[in-house]
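Enquirer:
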Amino acid sequence: MPELPEVETIRLQLKKFLVEKKITGIEIKKSKSFPNDSKLVIGAKVIDVRRFGKVCVIDLDNKYSLLVHLKLTGQLLVNGIIGPHTRVIINFDSDNLIFNDLRIFGWIKVVKTDEAENSGFIGKLGPEPFRDLTFDLFKQALEKTTRPIKIILMDQEKISGVGNIYANDALWLAKINPKTPANQLSNQLTNQLFDAILKVLKDGIKYGGASDQHYLKPDGTRGEYQKHFLVYGRKGELCERSTCQKEGAKITRIAVGGRGTFYCPNCQK
DNA sequence: CCCCAGCCCTGGTCGC
DNA sequence: TGCGACCAGGGCTGGG
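Counted from 1, the first sequence has number 122 at position 137 by my numbering; the numbering is strictly sequential.
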């Protein structure tokens, strides 16, 4: 599922492939995937590609932008192959951009560029890691609530861009139990968690995202972060910490807030 | 305001 | 072999 590292990887490739390219036509196969009037952007040229949390913003030279949210199963492929899950095809002079989305949760919306940052939930997003998330802001987000820390990490209004994969891995790295009430974390653990979030997101970007299930980069290649998962998706495997290995401690899967949660009960107390 | 349950979707998996 | 039930989950909505 595309989270900050995946969407950032997509952004960098789209910027390379699409800037200066002109939209010549849009074919909408599912209106739910592209609910606005495509005429608003036909003939416009791409000038920039930005990212807010998990949303990709493609800015055009006619004061409009395309917002893309891939949700769980969305893919943006440059010159990809049209398949059974292709929902939208954006044609450029000599290339096309294919939006595949098996579960039809994702969308592409047309907004005015100067309203993009405030449109819909982008305006409600919390501080962005690597941009404006500071330790003090992070601490403030945690101290107001007794909800489980994992829920808070994934709450886009608290911190933007962190989803299930990176929340699980960050909590393991910081040795924190996912169910710990957010306001009960000590200053030291809060510090460890802050560093851990930045570390796993950075690794995610370094490996081009996690191609665990559907995610592909726009050039059609797979990311590599799934080969470096710390706990995510590793139910039943031995925890990587040497002390846990000696004791045979295994990664467990539980539900927190209804979401699949992976952790080591031995080192994440 | 805060929080939670239910909803949207479809392919894969499991039990009978 | 086939069929139905169930599950995955980001963000939205409605209710307490």
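For every residue, glycine included, the Cβ atom is placed at its ideal position computed from N, Cα and C.
Would you decide whether F247 is buried or exposed? Buried here means 16 or more other CB atoms lie within 10 Å of its CB.
Expert: A buried status is given to F247, since no fewer than 16 other beta-carbon atoms sit within 10 Å of its beta-carbon.
Enquirer: Looking only at its chain, what residues have a beta carbon closer than 7 Å to the beta carbon of L158, apart from the 5 residues adjacent to it on each side?
Expert: A181, K184, V185, L215
Enquirer: Give me the Cα-Cα distance between D121 and I144, rounded to the nearest whole angstrom.
Expert: D121 and I144: Cα-Cα distance of roughly 12 Å.
Enquirer: Assuming the contact rule is C-beta atoms closer than 8 Å, G91 and K56 should be a hit. Round their C-beta distance to whole Å, please.
Expert: 4 Å
Enquirer: First and last residue of the alpha helix (DSSP H) that includes N176?
Expert: 172 to 191
Enquirer: State the start and end residues of the unbroken beta strand (DSSP E) segment that holds L61.
Expert: From DSSP, the beta strand (DSSP E) with L61 extends over 59 to 63.
Enquirer: Nearest by alpha-carbon distance to T165: which of T206, Q253, L(-3), S104 is it?
Expert: Q253
Enquirer: How about L82 and L61: are their beta carbons less than 8 Å apart?
Expert: yes
Enquirer: Using the rule of at least 16 other Cβ atoms within 10 Å of the residue's Cβ for burial, across every protein chain shown, is T175 buried or exposed?
Expert: buried
Enquirer: In chain order, what residues of the same chain lie with their CB nearer than 7 Å to the CB of I75, ignoring the 5 residues before and after it?
Expert: I8, I11, N81, L82
Enquirer: How big is the Cα-Cα spacing for L87 and S196?
Expert: 15 Å
Enquirer: With which residues is W157 paired in a DSSP beta bridge?
Expert: Partner residues in a beta bridge of W157, as assigned by DSSP, do not exist.
Enquirer: For V(-8), which residues from the same chain have a beta carbon less than 6 Å from its beta carbon, with the 5 sequence-adjacent residues on both sides left out?
Expert: R36, K39, C41
Enquirer: What are the start and end residues of the alpha helix (DSSP H) that includes D121?
Expert: 120 to 128
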